[in-house]
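Protein chains in written order, with my numbering: chain A, 1 to 472; chain B, 1 to 472. All residues carry an ideal CB built from backbone N, CA and C; glycine is no exception. From a predicted model like this one, the values you see are computed outputs, not experimental measurements. Take a look at the structure below.
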């Protein structure tokens, strides 16, 4: 994520310790991508030194950050070097020769243009087997073994201020979901509590447990920075899309666009943030005001009337400027430049437990939420054709590509392939990444319209909803 | 509002005092309904005695409540008695002979079937002149006088636990809006602060000032209970619909339904309420838990696993029952029976400053919000025909009538009248109220399908968007 955290790397605090224990392999059944999520050749970074304030050079910290790419890319050491090359920005996809991702999912990614040492995006695609806590009653089952069930899982993690949180989430979040889904076996229909609402609750809690694990282990291990998380779970006919951050998911179905997520930023979450600052003013540390003003107030404007809005307002009104209003606004800036406490540009995600306000010890984490919004799409309610897809992308894609442009690319690329050609979804993912990256020209990466392409990390999943090799 | 507040009237606390000072008449220009909002013949209730707990009989308190009907109904003393008759439930509308409401607005209302002594709904329809705070620059003006501008105003107020708050709001809220809109004259375009967002902010703040006035004057005057408020402001080509409560506004345009509000109830605002209880546990007084469970927990279930959800969750998950979970849930019940603190079924509105939890001194007001959600509809973006209308109704209408049924009635009634017949909108309002009330049959008010009609107060405005006498 490009410049999402201003000066935040300088505030990372990690103590030394043993390398993280390798979690035991996930319990997978029929999983085409059952390799361990962290390849043995991926270098592990040494523990970072304790942060000491804004004077610590960012590069020093970043040089020590972990670096790995998704296992399913099956990168050789040479391939890993090419994936890590900011100058070439080669688009990476799983090899044609290897085992395909579940549902013939397409995937492509590209590293940023130099804003961070490594690609801070991570991805995961798995088939996960859930053992029931006890005997399952009343729950229909996927093709499964024993008393459990299977879910399909895709995750995109867009890291900031280091790659550690994204790497950890890509390795572990689906296991937290698996753990939570064990409770499905206890379920029996009661009142408003549907099977679907239990899956939603399981995903919500899994995000929380993942975040808590990051908090617990941040001192002993290398869990630097934070990450946005966009996750898809397919279970028993329904697609659950969970988003915490500013990645985005859309379904393109017969040319129609169905939004499956919304972004959580200082602008979209302004009222939640302001309410928290209002109810818990101690979190503002006497440095910030929960009120928003159209511009920074000058001391000489004390007593004058100025536009403002608070946690209850969507509109603007006038107030007389008081001394407290001279503090820096909790939320300020517009668009991609909007920030919480002048520091972070995304308001939901995992990690960031050590994030402090620049030149201050004030923690920002209390304002960040690890809870995703979960949207549910019932795959059985519509007869999907091979051209219907769910597209997941990190903000590197969406910063320069509209939903409509993505839908147009879906149409253009898929119509160039036979409907039963499973490589078409990877080709589509590559086209989307290439279209957002652009080509090097005129001192920058440029799109065909000569506008600047995205200099951010870009990662895209294309999940066919009715294609060859899909659930059906 | 039927049974919206359980036992709440017993907790009203008002001290004695002088009768309320009559506010000075509103500053109106070209107002067809420029009569004072409170007709001289409307009886004013004496100040209520101090409430002394749940033993106070509701009837005693209610008997002292104020009773008036909207001025524009021009009711004679005899008419007022008929409007107050629970047995006949005659539908009331402005007389054909009098001056029409602005825009030929249609209006109809009917009293409840006996749940409260008087009709606790109130309504207001005015043209309001706003004088600028200082010379207006850059703001286009309606037909106006001097340096000000005019707005058209419609308000529906659905009272509970007495009629005082609704009556006061119907008399004063538009004056607070007028006061706030004076700031428009200070406006000059800057960054994201549009003219529209200033009007929205003015309406939001007017609701807050109205609520604060009720708080200030509740001891000296008769401001009993609370009320939902649904308000429409037309200004400079745009319709602003502000809703705080469970009334509803929809536009029916060429048969299409455009929702212009959403309802604020313990169910729709569960997460806001739970968050407040979580962040400010002292507001729960040790009597309530902010967690929600599908059913009340029994003491013998301590230590067992139970479904729950908290302020962050839309789904359900399991937790081990602890001692605190045995407290009563802050939010419980479903549909029309959902309650905050087992007491009130609506979570936004004006008043309710004295509302306490039944058999307790715990105040409920901190959980209620006086802030409306404001939606904006640009009238200039579409060429409206005389059959396009904005329908406002209290929950008495919507409890038994769907949006589609309202749209069908719009079509049926309006097509029976000439497009330029200004009485068609009143006929439509009457048809909607009659359709929700039903007719007395089989020991109750019944709809044609033999289901029970609404026993609640029912009030309906029908505002033509392109009809005769409208803004154009």
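From the beta carbon of residue 246 of chain A, is the nearest beta carbon of chain B less than 8 Å away?
No, no contact with chain B.
How should residue 438 of chain B be labelled, buried or exposed, when 16 other C-beta atoms within 10 angstroms of its C-beta is the threshold for buried?
With 16 or more Cβ atoms within 10 Å of its Cβ, residue 438 of chain B is classed as buried.
Could you name the residues of the region 332-353 of chain B whose beta carbon sits closer than 8 Å to any beta carbon of chain A, in the order they occur along the chain?
For the region 332-353 of chain B, which is checked against every Cβ of chain A, the residues closer than 8 Å are 334.
Taking buried to mean at least 16 other C-beta atoms within 10 Å of its own C-beta, is residue 292 of chain A buried or exposed?
Burial is judged here by how many other beta carbons sit within 10 angstroms of a residue's own beta carbon; residue 292 of chain A has at least 16 and is buried.
Find the residues of chain B that neighbour residue 313 of chain A, judging by a C-beta separation of less than 7 Å, and give them in chain order.
Those are 201 and 204, listed as they occur along chain B.
For the region 264-276 of chain A, which residues have a CB atom closer than 7 Å to at least one CB atom of chain B, in sequence order?
The region 264-276 of chain A vs chain B, Cβ under 7 Å: nothing.
Per-residue burial, residue 337 of chain B [other beta carbons within 10 Å of its own, 16 or more giving buried]
Under this definition residue 337 of chain B is an exposed residue.
Give me whichever residues DSSP pairs with residue 118 of chain B in a beta bridge.
In the DSSP secondary-structure assignment, residue 118 of chain B is not bridged to any residue.
Beta carbon proximity, residue 279 of chain A to chain B, threshold 8 Å:
Contact of residue 279 of chain A with chain B is assigned, a C-beta pair being separated by under 8 Å.
Output, in chain order, the set of chain B residues within a Cβ distance shorter than 8 Å of residue 89 of chain A.
Neighbours of residue 89 of chain A on chain B: none; closest Cβ ~35 Å, over 8 Å.
The beta strand (DSSP E) that contains residue 461 of chain A, what's its start and end?
In the DSSP assignment, residue 461 of chain A falls within the unbroken beta strand (DSSP E) covering 458-464.
Could you check how far apart the C-beta atoms of residue 202 of chain A and residue 391 of chain A are, in whole angstroms? I think they sit under 8 Å.
Cβ-Cβ separation between residue 202 of chain A and residue 391 of chain A: approximately 24 Å, too far for a contact (criterion under 8 Å).
Give a yes or no on whether 8 Å exceeds the smallest Cβ distance from residue 309 of chain B to chain A.
For residue 309 of chain B, the nearest beta carbon of chain A is closer than 8 Å to its own beta carbon.
If contact is defined by three or more beta carbon pairs under 8 Å, each pair taking one atom from either stretch, is the region 382-390 of chain A in contact with the region 347-365 of chain A?
The region 347-365 of chain A, when compared against the region 382-390 of chain A, does not touch it at the 8 Å Cβ threshold.
Residue 71 of chain A versus A/369, A/107, A/85 and A/89, residue with shortest Cα-Cα distance
The option with the nearest alpha carbon to residue 71 of chain A is A/107.
According to DSSP, residue 398 of chain A sits in a beta bridge with which residue or residues?
Paired residues: none, contrary to the question.
If you pair each beta-carbon of the region 160-170 of chain A with each one of the region 116-130 of chain A, do three or more pairs fall below 8 Å?
Contact between the region 160-170 of chain A and the region 116-130 of chain A is present, with at least three C-beta pairs closer than 8 Å.
Which of helix, strand or coil DSSP assigns to residue 215 of chain A:
DSSP places residue 215 of chain A in helix when its eight states are reduced to three.
Quick one: list the residues of chain B neighbouring residue 234 of chain A, beta-carbon separation under 8 Å, in chain order.
Near residue 234 of chain A there are no residues of chain B at all, since even the closest Cβ is about 16 Å away, more than 8 Å.
Just checking: is the beta-carbon of residue 374 of chain B within a distance shorter than 8 Å of some beta-carbon in chain A?
With respect to chain A, the C-beta atom of residue 374 of chain B has a partner C-beta closer than 8 Å.
Can you tell me whether residue 404 of chain A is buried or exposed, with buried defined as 16 or more other CB within 10 angstroms of its CB?
Flag for residue 404 of chain A reads exposed.
Pull up the CB-CB distance for residue 432 of chain A and residue 444 of chain A, whole angstroms please, since I reckon it's below 8 Å.
No, residue 432 of chain A and residue 444 of chain A are not in contact; Cβ-Cβ is about 20 Å, not under 8 Å.
Just to check my reading of the structure: residue 428 of chain A and residue 410 of chain A have Cβ atoms closer than 8 Å, yes? What is that Cβ distance to the nearest angstrom?
About 6 Å separates the two Cβ atoms, so the contact holds.
For residue 150 of chain A, list the residues DSSP reports as bridge partners.
Answer is A/129.
Bridge-paired residues (DSSP) for residue 417 of chain B
Per DSSP, residue 417 of chain B has no beta-bridge partner at all.
Give the residues of chain A in contact with residue 317 of chain B, contact being defined as C-beta atoms less than 8 Å apart.
One finds 180, 183, 198, 201, 202, 204 and 205 in chain A with Cβ atoms closer than 8 Å to the Cβ of residue 317 of chain B, taken in chain order.
With DSSP as the reference, please indicate the residues paired to residue 369 of chain B in a beta bridge.
Looking at the DSSP assignment, residue 369 of chain B forms a beta bridge with B/348.
Can you list, in chain order, the residues of its chain with a C-beta nearer than 6 Å to that of residue 98 of chain B? Leave out the 5 residues immediately preceding and following it.
Once the five neighbours on either side are set aside, the close Cβ partners of residue 98 of chain B are 74.
Check whether the region 364-374 of chain A touches the region 86-101 of chain A, counting contact only when three or more Cβ pairs, one atom from each stretch, lie closer than 8 Å.
Because the criterion of three Cβ pairs below 8 Å is not met, the region 364-374 of chain A and the region 86-101 of chain A do not touch.
Going by alpha carbons, who is nearest to residue 254 of chain B out of B/415, B/77, B/436 and B/91?
When only C-alpha atoms are compared, the closest one is B/415.
By a C-beta neighbour count over all protein chains shown, 10 Å radius and 16 as the cutoff for buried, is residue 244 of chain B buried or exposed?
Answer is buried; the Cβ neighbour count reaches 16.
How close, in whole Å, do the beta carbons of residue 479 of chain B and residue 340 of chain B come, if the pair is a contact with beta carbons under 8 Å?
Coverage of chain B is limited to positions 1 through 472, which leaves residue 479 of chain B absent and any answer about it impossible.
Anyone know if the C-beta pair for residue 517 of chain B and residue 358 of chain B falls short of 8 Å?
Outside the displayed range of chain B (1 to 472) lies residue 517 of chain B, so it cannot be described from this structure.
Identify which residue in A/284, A/129, A/383 and A/95 has its Cα closest to the Cα of residue 361 of chain A.
Checking every option, the nearest Cα to that of residue 361 of chain A belongs to A/284.
Assuming residue 347 of chain A and residue 273 of chain A are in contact, meaning their beta carbons sit under 8 Å apart, how far apart are those beta carbons, in whole angstroms?
About 7 Å separates the beta carbon of residue 347 of chain A from that of residue 273 of chain A, a gap short enough to meet the 8 Å contact definition.
Cβ-based contacts, 9 Å cut-off: residues of the region 362-387 of chain A near chain B:
Of all residues in the region 362-387 of chain A, 369, 370, 371, 373 and 374 have a Cβ within less than 9 Å of some Cβ in chain B.
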